[in-house]
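**Student:** My questions all concern the structure below.
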Amino acid sequence: MTVRVRMAPSPTGFLHVGGVRTFLFNWLFARGRAGECLLRIENTDTSREVAESVEQIERSLRWLGIDWDGPTRFQLDRMERAQAEARRLVAEGAAYEDEGAIRIRMPDEGVTAWEDAVKGRIEFPNAQLEDLVLVRSDGRPTYNFASPLEDWLDGITHVIRGDDHVSNTPKQIVVLRALGAEPPVYAHVPNVLGPDGRKLSKRHGAVSVDEFRAAGYLPEALMNFLALLGWAPDGETTIMSRDELIARFSLERVGSSPATFDYQKLDWMNGVYLRALSPEEYADRLVAYLREQGYDWPEERIRAAAPLVQEKIERLGQFPGFAGFLFHDVEPDPALLDGRMLVEAERALAAVEPWTAAAIEGALKRLCEELGEKPRTVYQPIRVAVTGSRVSPGLYESLELLGREESLRRLRVARERAPAAA
RNA sequence: GCCCCCAUCGACUAGCGGUCCAGGUCACGGCCCUUUCAAGGCCGUAGCGCGGGUUCGAAUCCCGCUGGGGGCACCA
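First residue of the first sequence: 1263, per this note's numbering; consecutive thereafter.
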């Protein structure tokens, strides 16, 4: 039997990483088994907000590298079929009308159980189940009716969803059996929590895929990180390509306890991916990212600056703060300047020929010897004067890129602002 | 209140009765390298929630407790 799963976001706002993690598991599972993965929007209305939200969801999934088979489906499209099925259940005696709504009869005794692919056997006492509304008095099917019905109609073989659906499952199983359908395999994956142990939400930081994109995370890094939230191929491997994730993913190895989203680890992992990029690819991504974020800085200069930062930043979003001095003037803190050093640096650099990182290095090292000072003593005022910060890319390369004229100009301006030189 | 699920370092996890005085990664601390910051290398701190069983032997199995989480809608 061909595996067929579905990703079922509700069109409320943006795509939440917790939900994406669940979709990712669906997708990895299907792709690793030559199966199909559908995208189904669980909507109950068709407002414009829904349409926009759907576009947003599709865009976020595509960016991450998660694709789906066939057109996006909408739960509401099955409304008439749902009503017909409900009427059929009434006719068959499995359901009944109640103040305009249709309710299904739940068994009163025994248990409803299933073998969960990640949690093992789960049993629910039937006495716990109330007669569930299938179709509201206004004619719209409820979620617990529409969802399993569509799973059946779409031939879904595995329902991989969040933990919070565990208690819906027995109801859906009863619905499916009444319909004459065989329930799919259920796999309930644990939820993703924030650092404080509560459900991951905006107060913890970024939560929508779009926010991670805007912050300069790489989709492959985010995918790798998300895959490891509740799943591990073994105890050692952490960095895995998309293909490796697909090849190794299995529901059996999904854990059953909730996982905490660790922003620091994501940052580290993103840095690993960033550093692993070829210089050309890195520059391409950086340029694309900055364009997307609305920076109109010259592409050639961005490309030239890329190698200076590749080893240094772990999110592309750090680029403007870290290397922005190459694109605009700076405001050095006078307290960090040293008039004497700046005068000496200006003199030494004015004579450098040609203006290359290597020659600049030679000149500055000679200066240190002449002055009998440690490099850090000599370099810091220069760094601050030229980059506006005590933290920057390599000094020689930065000076080279800035150009002699601009470098000397910044040194001069800074010297004038420095505390009275001795 | 009732029902369901979960429980290994601060975090993600490996471990599916002995090979574990518990391994890997992030974070943290120290050292090295070093023009700042990173990166990299080396070393280190740190964990089986508690109590009973079962067993020659338990992180691993069973029961209870405690602690988390989720659910009990004509929401999804």
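Glycine included, every Cβ here is placed at the ideal spot set by N, Cα and C.
Name the DSSP bridge partner or partners of T1334?
**Tutor:** Answer is none; T1334 lacks a bridge partner.
**Student:** Let's test the definition: count the other Cβ atoms within 10 Å of the Cβ of D1331 and tell me whether it reaches 16, buried, or not, exposed.
**Tutor:** So D1331 counts as exposed.
**Student:** Find the nearest neighbour of L1531 within the set A1550, M1485, A1567, judged by alpha-carbon distance.
**Tutor:** Sequence check: residue 1531 is Met here, not Leu. Nearest option by C-alpha distance: M1485.
**Student:** Can you give the beta carbon distance from E1320 to T1334, rounded, assuming they're within the 8 angstroms contact cut?
**Tutor:** Contact flag correct, Cβ pair sits at about 7 angstroms.
**Student:** Buried or exposed for A1683, going by 16 or more other Cβ atoms inside 10 Å?
**Tutor:** Interpretation of A1683 is limited by its pLDDT of 47, a score under 50 that renders its predicted location unreliable; the figure taken from the coordinates is listed afterwards. Classification for A1683: exposed.
**Student:** In chain order, which continuous runs of the alpha helix (DSSP H) of length 4 or greater are located wholly inside the region 1312-1390?
**Tutor:** Whole alpha helix (DSSP H) segments, 4+ residues: 1341-1354.
**Student:** Are there any heavy atoms of the ligand PLP lying less than 7 angstroms away from the beta-carbon of G1401, as far as the coordinates show?
**Tutor:** The model depicted lacks the ligand PLP and carries no ligand whatsoever.
**Student:** If you reduce the DSSP assignment to three classes, tell me which class A1684 lands in.
**Tutor:** In this predicted model, A1684 has a pLDDT of only 46, less than 50, meaning its place in the structure is not dependable; the value taken from the coordinates is given anyway. Correct three-state label for A1684: coil.
**Student:** For the alpha helix (DSSP H) containing L1300, list its first residue and its last residue.
**Tutor:** No alpha helix (DSSP H) contains L1300, which is instead part of the beta strand (DSSP E) from 1298-1303.
**Student:** On the CB-based measure, 16 or more other CB atoms within 10 Å of its CB, does R1638 come out buried or exposed?
**Tutor:** Label assigned to R1638: exposed.
**Student:** Hey, S1322 and D1472 are a contact pair by Cβ (cut 8 angstroms); roughly how many whole angstroms apart?
**Tutor:** Indeed they touch by this definition, with Cβ atoms about 6 angstroms apart.
**Student:** Report the rounded CA-to-CA distance for E1662 versus Y1479, giving the unit in angstroms.
**Tutor:** One C-alpha to the other measures close to 29 angstroms.
**Student:** Taking the alpha helix (DSSP H) that V1516 falls in, what are its first and last residues?
**Tutor:** Element bounds for V1516: n/a, residue is neither H nor E.
**Student:** Would the region 1553-1561 count as touching the region 1612-1632 if we require 3 or more Cβ pairs under 8 angstroms?
**Tutor:** No, the region 1553-1561 is not in contact with the region 1612-1632.
**Student:** For a test of the three-state rule: what should DSSP assign to I1575, helix, strand or coil?
**Tutor:** The answer is coil: DSSP assigns I1575 none of H, G, I, E or B.
**Student:** Mind the definition here: the region 1532-1549 touches the region 1561-1568 only if three or more C-beta pairs lie below 8 angstroms; say whether that holds.
**Tutor:** The region 1532-1549 vs the region 1561-1568: in contact.
**Student:** Return the bridge partner residues of V1267 from the DSSP annotation.
**Tutor:** Paired residue(s): C1299.
**Student:** Indicate the three-state DSSP secondary structure (helix, strand or coil) for R1460 in the structure shown.
**Tutor:** In the structure shown, R1460 sits in coil (DSSP, three-state: anything other than H, G, I, E or B).
**Student:** Are the beta-carbon atoms of I1384 and V1437 separated by less than 8 angstroms?
**Tutor:** Cβ atoms of I1384 and V1437: not closer than 8 angstroms.
**Student:** Report, in whole angstroms, the separation of the C-beta atoms of R1553 and L1604, which I expect to be a contact under 8 angstroms.
**Tutor:** Actually they are not in contact, since the Cβ atoms of R1553 and L1604 sit about 36 angstroms apart, beyond 8 angstroms.
**Student:** Can the beta-carbon of A1521 be found less than 8 angstroms from the beta-carbon of V1454?
**Tutor:** Result yes, Cβ atoms of A1521 and V1454 sit closer than 8 angstroms.
**Student:** Less than 8 angstroms between the C-beta atoms of P1403 and L1396, yes or no?
**Tutor:** Against a cut-off of 8 angstroms, the Cβ pair of L1396 and P1403 comes out as a contact.
**Student:** Let me know if V1653 comes out buried or exposed under the rule of 16 or more other beta-carbons within 10 Å of its beta-carbon.
**Tutor:** It is exposed - the Cβ of V1653 has fewer than 16 other Cβ atoms within 10 Å.
**Student:** At which residues does the alpha helix (DSSP H) containing A1612 begin and terminate?
**Tutor:** Its alpha helix (DSSP H) spans residues 1601-1612.
**Student:** Could you please give me the residues that DSSP links to G1424 through a beta bridge?
**Tutor:** G1424 pairs with V1451.
**Student:** Which runs of the beta strand (DSSP E), 3 residues or longer, sit entirely within the region 1396-1440?
**Tutor:** Here the runs fully enclosed are 1420-1424.
**Student:** Buried or exposed for M1263, please, with buried defined as at least 16 other CB atoms from any protein chain shown within 10 angstroms of its CB.
**Tutor:** Its Cβ having fewer than 16 others within 10 Å, M1263 is exposed.
**Student:** Taking its Cβ as the centre, do 16 or more other Cβ atoms sit within 10 Å of V1373, making it buried, or is it exposed?
**Tutor:** Per the 10 Å Cβ criterion, exposed.
**Student:** Determine the burial state of G1533: buried for a count of at least 16 other Cβ atoms within 10 Å of its Cβ, exposed for fewer.
**Tutor:** Answer is buried; the Cβ neighbour count reaches 16.
**Student:** Take L1629 and list the residues in its own chain whose beta-carbon comes closer than 8 angstroms to its own, dropping the five residues that flank it on each side.
**Tutor:** So the list reads E1606, A1607, A1610, V1640, once near-sequence residues are dropped.
**Student:** Going by DSSP in three states, S1470 sits in which element: helix, strand or coil?
**Tutor:** S1470: strand per DSSP, three-state reduction.
**Student:** Got a sec, what are the start and stop residues for the alpha helix (DSSP H) S1660 sits in?
**Tutor:** Element bounds for S1660: 1657-1664.
**Student:** If the criterion is Cβ atoms closer than 8 angstroms, does the pair L1290 and R1268 meet it?
**Tutor:** No, Cβ-Cβ distance for L1290 and R1268 is not below 8 angstroms.
**Student:** Just list the residues that DSSP pairs W1493 with in beta bridges.
**Tutor:** Bridge partners of W1493: V1516.
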